[in-house]
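Residue numbers (this note's numbering): 675 to 873. Here a beta-carbon is modelled for each residue, glycine too, at the ideal position from N, C-alpha and C. This report concerns only the one structure given below.
Next comes the structure, spelled out in structure tokens:
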């Protein structure tokens, strides 16, 4: 379904990613892109300190930027709704192996009312939501969490920064960012960079 910019601007969406799927109004034209030098390791280290939210909501926080979505913010987002239709961010189960789906869903009917689905969640073809215990740098996760790998393996999961912290869902105002449309193409080729001016 194609949405007009008016409709998109009016939507209050349940966003499927905390870190973060974005939605926004499509702009008509993009100025000529400036040249971009490769980002240095020193610049990345600087950004890690300057842009970090570690400690912002206390040393025991496990929700990160989700703390910004307060009851007042959800109420404000709901007030933007002009029409009552929903827009799903889910995708159909893709069972066909392809270049963009190296690990398709494995679906088997075992009997009437009984089936089996096996899926490797990572890749471009399947939707899922990562927790703050998904990405680390040098063994350190969000807010300085340093798990013992043996404990995590024994417990088959992280005790901190778990996806369970998002169990009540994520509902806020959304912004659609349609970069292919801005660039005038149906899709982006693999490896196409996106910069702040694209957004």
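Confirm the yes/no value for this check: CB of residue i, any heavy atom of the ligand NAP, distance under 8 Å.
| i | result |
| --- | --- |
| residue 791 | No copy of the ligand NAP occurs in the structure displayed, which carries no ligand at all. |
Per DSSP, what kind of secondary structure is residue i in: helix, strand or coil?
| i | result |
| --- | --- |
| residue 837 | helix |
| residue 792 | strand |
| residue 816 | helix |
| residue 847 | strand |
Taking residue i and residue j to be in contact with their CB atoms under 8 Å, please state how far apart those CB atoms are, rounded to whole angstroms.
| i | j | result |
| --- | --- | --- |
| residue 800 | residue 809 | That belief does not hold up - the Cβ atoms of residue 800 and residue 809 are roughly 18 Å apart, past 8 Å. |
| residue 797 | residue 823 | That pair is no contact at about 24 Å. |
| residue 791 | residue 781 | 5 Å |
Applying the 10 Å Cβ sphere with the 16-neighbour rule, what's the burial state of residue i?
| i | result |
| --- | --- |
| residue 869 | exposed |
| residue 805 | buried |
| residue 740 | buried |
| residue 723 | exposed |
| residue 736 | buried |
| residue 835 | buried |
| residue 816 | buried |
| residue 772 | exposed |
| residue 848 | buried |
State the Cα-Cα distance for the pair residue i and residue j, rounded to the nearest angstrom.
| i | j | result |
| --- | --- | --- |
| residue 734 | residue 784 | 45 Å |
| residue 865 | residue 709 | 16 Å |
| residue 871 | residue 750 | 27 Å |
- Task: Report the residue ranges of all alpha helix (DSSP H) runs contained in full by the stretch 735-783; include only those spanning at least 4 residues, in chain order.
- Result: The stretch 735-783 contains these whole alpha helix (DSSP H) runs: 745-752.
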